[in-house]
Amino acid sequence: MSEDIWILGIYMTKFGKHPDRDTVDLASEAVIGALNDGGVTMKEMGILAAGNLMGGGGPIGQMIQKQVGQTGIPVYNVANACATGATALRTAVMALKAGECDMGLAVGVEKLAGAGLLGGRGGAPQAEETWKPKGRFGAVAPTDGRIGTETMPGVFAQIGMEYGHRYGGVDFELFAKIAEKNHAHSTLNPLASYQKRFTLEEIMNDVMIAYPNTRPMCSANCDGAAAAVVVTDAKLKTLSLEQQRRAVKIAASVLTTDPYEEACQVLPNVNTLTRNAAKQAYEAAGIGPEDLDLVELHDCFATAELVHYDNLMLCEEGGAADFFGSGATWRDGKTPVNVSGGLESKGHPIAATGIANIWEVCHHLRGEAKDRQIEGAKVGLAHVIGLASACGVHILEASAA
Amino acid sequence: MAQKIPLVDYLRLEPEPHLVAHECDSCGARFFDHRDACASCGAQSFHEVEIATTGEVRAFTIVALAAPGIPVPFVASVIDCDGTSVRGNLINVPPDPEHVSVGMKVRLATNVVGVDAEGTEAVGFGFEPLEGAA
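Protein chains in written order, with this note's numbering: chain A, 379 to 779; chain B, 3 to 136.
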């Protein structure tokens, strides 16, 4: 049994539009915020793991160091699609578990406000002189839109529809009700990009993006950053009682990829790797899904949230529609899901998401979530998935101190 | 008669339009693109197989917003063709939830993508409803 690792400090910026600040500014705010929250400084950090998926501006970790402290520690710049933030955190956790240092820092940042549709390959077929087969499929013209869709709303729409085909009891209205829940939750989260409650009718009648996902059923592109300071159990015991009381135990930190299955070449399978990650995480933490006081899961689209109820084993297999219908995932339900408002309203600054969801859970476990506090929360789970695919699951426990 | 070329190399136009896949010699996993080794079992040899031209819709979405230049709406879907999953659009059917559904039976159909400077026609594929088809 390796040593327990704890979150000592954690911070997320306001998600939304930050036109006057770049990725480094946002990441620096998150790093300094996490250090201050943990009552420590850059000098005590033994590793920095950093993620920024879409920026393309160079090694983000080193750029952040220039703003917060160039202490010469190893930097790992990580990329794992939408699981980038969780991958950064897990990288820092692994360094501590390996005994390389006793404190480390993970940060994820993205600027996506106004980015529009993600995943579409774009462009009309080029009027070429003559057709020439190109690429892995020997295509003579772009295939997006001609052979299925590359757009994220369309891919995840099919993932939800496939679940409905397999188990039944799923329709447009059910998916829209999931978005209704998350937008309702967001009204209590001042850091969310959008804090507007929608009626079911408004959601269903909004602009259709990829049936059955209308615009408010899609994750919101926005700017934001989140960072966390992690510490070993031994080191934590040398810190103040207040630091020990606010520390949150990482009871499980798991990363999986998608194992081969028939059909995964034509539609990404987000189910099996999530289920695998959840199983490993519950086993590592020594708990079951029934022990969770809250869950932040990757609702990149309303159609995705439904399948993850099942994948994370919050309900019995095939029972996600009934589970949602019972009200279980509303904030006053048996297993509150996405009380932050989720990606649909809080927003989805890609590389920040996998740390921001952990910030949300920690906030409740520390009893610091104010208006949206889930009373008495002791254990929570944070889940992210990045296509192609990677899945991160973290189980967090409140300090007994 | 104008020359024809398939939109992708796994679409064969003769003798009748059909799709082909690389099937792993060892475990039978099928891939539409080239693989150096099998993603399922790691074996390194493949042979070509024909894919059934009829199937059942396992999942779909009606894409209303796509990258510039892509005509919308269109129906993207996953078709179960006798055990092999295929990605393709549902064509020759109105793109609305009243006319497309999961579980629907469909068959392979071709359409014209465009004609190049030499008069060669690029031919694409989709799936059309079996019900009511000629």
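Glycine residues also receive a C-beta, built at the ideal position from the N, C-alpha and C atoms.
* With 7 angstroms as the limit, tell me which residues of the segment 509-533 of chain A have their beta carbon closer than that to any beta carbon of chain B; keep them in chain order. => If the cut-off is 7 angstroms between Cβ atoms, the segment 509-533 of chain A has TRP509, PRO511, ARG514, PHE515, GLY516, ALA517, VAL518, ALA519, THR521, ASP522, GLY523, ARG524, ILE525, GLY526, THR527, THR529, GLY532 near chain B.
* To do: At 4 residues or longer, and completely inside the segment 664-746 of chain A: list those alpha helix (DSSP H) runs for me, N to C.
  => Counting whole runs of 4 or more residues, the segment 664-746 of chain A contains the alpha helix (DSSP H) stretches 680-689, 698-703, 720-723, 728-743.
* Please report the residue range of the beta strand (DSSP E) in which B:PRO86 lies. => In the sequence under discussion, the amino acid at residue 86 of chain B is Thr, which differs from the Pro named in the question. Looking at the DSSP string, the run of the beta strand (DSSP E) that includes B:THR86 is 86-92.
* alpha helix (DSSP H) segment containing B:PRO17, residue limits -> It is not in any alpha helix (DSSP H) - B:PRO17 carries neither H nor E in the DSSP assignment.
* **Status (buried if at least 16 other CB within 10 Å, exposed otherwise) for A:GLY664** => Exposed is the call here.
* May I ask you to report which of helix, strand or coil DSSP gives B:ALA136? => Model confidence at B:ALA136 stands at a pLDDT of 43, short of 50, so the residue's coordinates are unreliable; what they give is reported in the following sentence. Coil at B:ALA136, not helix or strand.
* Which class does B:ASP82 belong to by DSSP, given the choice of helix, strand or coil? -> In the structure shown, B:ASP82 sits in a strand (DSSP, three-state: E or B).
* Asked: Mind checking A:TYR687: buried by the 16 CB within 10 Å criterion, or exposed?
  -> buried
* Local Cβ density within 10 Å of B:HIS49, reported as buried at 16 or more and exposed below that -> With fewer than 16 Cβ atoms within 10 Å of its Cβ, B:HIS49 is classed as exposed.
* Since A:PRO511 sits in a beta bridge, which residues does DSSP pair it with? -> None; A:PRO511 has no bridge partner.
* Looking at C-alpha atoms only, which residue of B:MET106, B:PRO131, B:ARG89, B:ASP118 is the closest neighbour of B:VAL80? -> B:ARG89
* Boundaries of the beta strand (DSSP E) in which B:ARG109 is found, first to last residue -> 107-117
* Do we get a CB-CB distance below 7 angstroms when we pair B:PHE48 with the residues of chain A? -> no
* Asked: Any beta-carbon of chain A closer than 7 angstroms to the one on B:ALA136?
  -> The predicted position of B:ALA136 is uncertain, since its pLDDT is 43 and thus under 50; no value can be drawn from it.
* Are any of the Cβ atoms in chain A nearer than 7 angstroms to that of B:ASP27? -> No, B:ASP27 lies away from the interface with chain A (no Cβ there is under 7 angstroms from its Cβ).
* Just to confirm, are A:LEU721 and A:SER571 a CB contact at a threshold of 7 angstroms? -> no
* Below-7 angstroms beta-carbon distance, A:MET586 vs any chain B residue -> yes
* Identity of the residue in A:LYS392, A:LYS512, A:GLY433, A:VAL418 nearest A:ASP400 by Cα -> A:GLY433
* Examine chain A for any beta-carbon lying closer than 7 angstroms to the beta-carbon of B:PHE62, and answer yes or no. => yes
* **Among B:ALA119, B:THR112, B:ALA31, B:GLU133, the one whose alpha carbon lies nearest that of B:PRO19** => B:THR112
* Asked: Exposed or buried, A:LYS712, counting other C-beta atoms within 10 Å across all chains shown (16 or more means buried)?
  -> Exposed, since its Cβ has fewer than 16 Cβ neighbours within 10 Å.
* Supposed contact pair A:MET481 and A:VAL609 - C-beta distance, whole angstroms, cut 8 angstroms -> 5 angstroms
* **Residue(s) in a DSSP beta bridge with A:MET481** => A:VAL609
* Indicate whether at least one CB of chain A lies closer than 7 angstroms to the CB of B:VAL104. => So, interface residue.
* Over what stretch of residues does the alpha helix (DSSP H) that includes A:HIS563 continue unbroken? -> 550-564
* To do: Return helix, strand or coil for A:TYR638, following the three-state DSSP convention.
  => Coil at A:TYR638, not helix or strand.
* Identify the contact partners of A:TYR638 in chain B, using a Cβ-Cβ distance below 9 angstroms as the criterion. => ALA31, CYS40, ALA41, SER42, CYS43
* Apply the 10 Å Cβ neighbour rule to B:ALA136 and answer buried if 16 or more other Cβ atoms are within range, or exposed otherwise. => With a pLDDT of 43 at B:ALA136, under the threshold of 50, the modelled position of this residue cannot be trusted, and the question is left open.
* Asked: For A:GLU507, which residues in chain B fall below 9 angstroms Cβ to Cβ?
  -> ASP118, ALA119, GLU120
* To do: Please confirm if B:ASP11 has its CB atom under 7 angstroms from at least one CB of chain A.
  => yes
* Asked: So, does the CB of B:ARG37 fall closer than 7 angstroms to a CB anywhere in chain A?
  -> Not one chain A Cβ lies under 7 angstroms of B:ARG37.
* To do: Identify the contact partners of A:GLU579 in chain D, using a Cβ-Cβ distance below 9 angstroms as the criterion.
  => The chain labelled as chain D is not found among the protein chains of the depicted structure, namely A and B.
* If I'm right that B:VAL65 touches A:GLY758 with Cβ under 8 angstroms, what's the distance once you round it to whole angstroms? => No, B:VAL65 and A:GLY758 are not in contact; Cβ-Cβ is about 35 angstroms, not under 8 angstroms.
* **With 16 other Cβ atoms within 10 Å as the buried cut-off, status of A:ASN414** => exposed
* To do: Buried or exposed for A:THR681, please, with buried defined as at least 16 other CB atoms from any protein chain shown within 10 angstroms of its CB.
  => By the neighbour-count rule (16 or more Cβ atoms within 10 Å), A:THR681 is buried.
* To do: List the residues that DSSP assigns as beta-bridge partners of A:LYS627.
  => A:TRP384, A:GLU775
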